[in-house]
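Engineer: Below you will find the structure I want to go over with you.
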Amino acid sequence: MTKLRSNHRRAPASSIGRMMLLVVLGASGLALGYQQFGHLLNGLPTTNTVEAEPVEDRFYLPDADFPVEVVHHKYFSLGYLESEEQSAWVAYRLTVQELNQPKLPRYDYFDPDYSVSTGSSFHRDYTGSGFTRGHLVPAVDMAFDSAALRETFLMSNISPQVRAFNNGVWRELEEQTRDWVRRNKELYIVSGPIFSTSHDRIGQNRVGVPESFFKVLLDVKDPEWKGIGFIIPNAISDRPLSDYACTIDSVEIMTHLDFFSHLLKDDQEEALESTINLDQWPMHPHRFEWRVNEWNNR
1338 MTKLRSNHRR APASSIGRMM LLVVLGASGL ALGYQQFGHL LNGLPTTNTV
1388 EAEPVEDRFY LPDADFPVEV VHHKYFSLGY LESEEQSAWV AYRLTVQELN
1438 QPKLPRYDYF DPDYSVSTGS SFHRDYTGSG FTRGHLVPAV DMAFDSAALR
1488 ETFLMSNISP QVRAFNNGVW RELEEQTRDW VRRNKELYIV SGPIFSTSHD
1538 RIGQNRVGVP ESFFKVLLDV KDPEWKGIGF IIPNAISDRP LSDYACTIDS
1588 VEIMTHLDFF SHLLKDDQEE ALESTINLDQ WPMHPHRFEW RVNEWNNR
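Residue numbers (my numbering): 1338 to 1635.
Here it is in structure tokens:
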């Protein structure tokens, strides 16, 4: 079996790259915890049979050519970009075991992420903007665990998306990714926004509106290691999903991120990130029709 990089312990980028630890004593601490999540509990289970991956084992987090604050949540991590008031990337491993767990009902409460030391955007920044609150880590991907599901509704995981993009081609890619996880047993997933030099901003916190979004997928399970990237404009699309497929190297050029350098050996990284084979990533035959005829119009 091909081996991954053996010395890939990820060092913290800076003191703000670690989770912020807030210790509040007495009733005030309980009040703060309830303020963020109390309205979401509703008696649902808070644990699951799928064990969370330790932070020190998340070797798949990307490196950025610009400063971000790395924040770790239960089943995913993110790099928060303060200048745009959203994450530059989110990263996680998704397994078929997690997808096969019973699904919890969707939440619709968007909360600030108090783990971001500089503060995240707020729900109201998007109100009346004409943009939807688009998930970077899909809520459905984390619907196996109530804490993880709640964390996908933190504003650090949200980015301004055109409604027809969110409901259409982005949804198709999210659903297709889950199909690929079921087919390949697990995938490493990194997603995020791409900004133009001059772009719009919304809300009191001046949240940046992305020009495009990316998603990078990596499969390192035998017998068929492979990787693929997608760059999709933040707009309605009537083109097949395959039109947006590209190499991981291409995504790195557009995002100034370095993917999987702590997970893969140099020769593995070069081989997996410089080419794609669409035959290794079969796509659902009918979703494109559903998107063009139905989803784009919702």
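Note that the Cβ used here is the ideal one computed from N, Cα and C, for glycine as well.
1. Just to confirm the assignment, what range does the alpha helix (DSSP H) spanning V1408 have?
2. Which of helix, strand or coil does DSSP assign to N1630?
3. Could you check the C-alpha separation between Q1498 and G1505 for me, to the nearest Å?
4. Just mark L1615 as buried or exposed, buried being the case when its beta carbon has 16 or more other beta carbons within 10 Å.
5. Between G1456 and chain D, is the shortest Cβ-Cβ distance under 7 Å, so that the two count as touching?
6. Per DSSP, which one or two residues make a beta bridge with I1573?
7. Excluding the 5 residues flanking L1431 on each side, which residues of the same chain have their C-beta closer than 7 Å to its C-beta?
8. Rounded to the nearest angstrom, what separates E1388 and V1553 at their Cα positions?
9. Do three or more CB pairs link the region 1569-1585 to the region 1598-1615 at distances below 8 Å?
10. Is the Cβ-Cβ distance between S1493 and Y1417 less than 7 Å?
11. Please report the straight-line C-alpha distance between W1426 and S1528, rounded to a whole angstrom.
12. Based on Cα-Cα distance, which residue from F1490, I1569, T1464, L1510 lies nearest to Y1451?
13. Can you check whether the CB of F1502 is closer than 7 Å to the CB of I1531?
14. Does the beta-carbon of W1632 have 16 or more other beta-carbons within 10 angstroms, so that it is buried, or is it exposed?
15. Throw me the rounded Cβ distance for the R1443 and G1540 pair, which I believe falls under 8 Å.
16. Can you tell me whether DSSP reads V1553 as helix, strand or coil?
17. Is the CB-CB distance between D1400 and D1595 below 7 Å?
18. With DSSP run on the structure shown, which of helix, strand or coil describes D1478?
19. Report yes if the CB atom of L1441 is closer than 7 Å to the CB atom of L1486, and no otherwise.
20. Between which two residues does the beta strand (DSSP E) containing L1431 stretch?
Structural biologist: Inspection of the coordinates gives the following:
1. V1408 -> not in any alpha helix (DSSP H); beta strand (DSSP E) instead, spanning 1406-1409.
2. helix
3. 11 Å
4. exposed
5. The chain inventory of the structure shown lacks chain D, comprising one protein chain alone.
6. Answer by DSSP bridge pairing: none, since I1573 is not bridged.
7. D1478, V1518, E1523, L1524, I1526
8. 24 Å
9. yes
10. yes
11. 6 Å
12. F1490
13. no
14. buried
15. Actually they are not in contact, since the Cβ atoms of R1443 and G1540 sit about 24 Å apart, beyond 8 Å.
16. strand
17. yes
18. helix
19. yes
20. 1423-1432
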